[in-house]
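One structure is given here, and the rest of the page talks about it.
In our numbering, the protein residues as written are 13 to 213.
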């Protein structure tokens with residue numbers, strides 16, 4: 013059963029409050045969590061070539077793994093080598109996901125109650141406006157590009173991850189083009205992302 017964006021939103025505030033009550037974190041790695049999603053436009057048609065991104069994090073330690081794939085003709089995500097998309101998992105972990113596609117506004121979803129099951133989530137992307145409201149601030153709330161996590165930053169600074177780097181760079185374009193004023197943390201992420209892109213060439 014696919015979980016809608018609205019179901020996740022209803023439980024977010026409660027989960028954040030509960031998460032803040034934890035005074036410590038016990039790390040216990042499990043095998044992995046399976047990820048799946050279908051990405052559609054506002055008309056309900058599948059979007060081919062969209063980029064799906066996910067990061068696993070805890071409130072205490074931040075992001076500890078990420079995974080991504082792209083959509084086929086049916087809008088379902090897959091990896092370039094055809095295997096199931098998975099992400100490392102451990103107790104107290106939470107999930108944040110994002111979807112990007114050319115000419116569509118990015119979507120970022122936090123799943124603090126871990127309600128996304130293995131059979132996935134349906135994500136709807138809206139057309140990118142020609143003027144105004146083209147920047148999605150939640151993109152900068154993600155751990156990516158991992159300016160505070162050198163090990164993860166090192167993983168993505170290779171030519172193998174150009175598709176993911178380009179997807180995030182395009183998401184930040186409204187700020188690069190000065191359509192809106194970048195906040196200090198947004199600017200820091202933009203400059204670090206630019207550095208990673210140059211390293212990946």
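All residues carry an ideal CB built from backbone N, CA and C; glycine is no exception.
Query                                                                                                                                                                               : Result
Quick one: what does DSSP say residue 128 is sitting in, helix, strand or coil?                                                                                                     : coil
What are the residues that DSSP puts in a beta bridge with residue 121?                                                                                                             : 109
Which whole-angstrom value is the C-beta distance of residue 86 and residue 124, which I expect to be below 8 Å?                                                                    : Wrong, their Cβ atoms sit about 29 Å apart, outside the cutoff.
Determine, using beta carbons only, whether residue 113 and residue 97 come nearer to each other than 7 Å.                                                                          : no
Excluding the five sequence neighbours on either side, which residues of its own chain have a C-beta within less than 6 Å of the C-beta of residue 170, listed in chain order?      : 212
Count the other C-beta atoms from every protein chain shown that fall within 10 angstroms of the C-beta of residue 145, then say buried if there are 16 or more, exposed otherwise. : exposed
Taking only three categories from DSSP, how would you classify residue 68?                                                                                                          : strand
What is the rounded straight-line gap between the Cα of residue 182 and the Cα of residue 153?                                                                                      : 16 Å
Go to residue 210, then tell me how far its alpha helix (DSSP H) extends in each direction, as first and last residue.                                                              : 196-211
Assign residue 62 to one of three DSSP states: helix, strand, or coil.                                                                                                              : coil
To the nearest angstrom, how far is the alpha carbon of residue 63 from that of residue 70?                                                                                         : 23 Å
Would you check if the segment 147-164 and the segment 65-80 touch, i.e. whether three or more CB-CB distances between them fall below 8 Å?                                         : yes
Check whether the Cβ atoms of residue 50 and residue 134 sit closer than 7 Å, and answer yes or no.                                                                                 : yes
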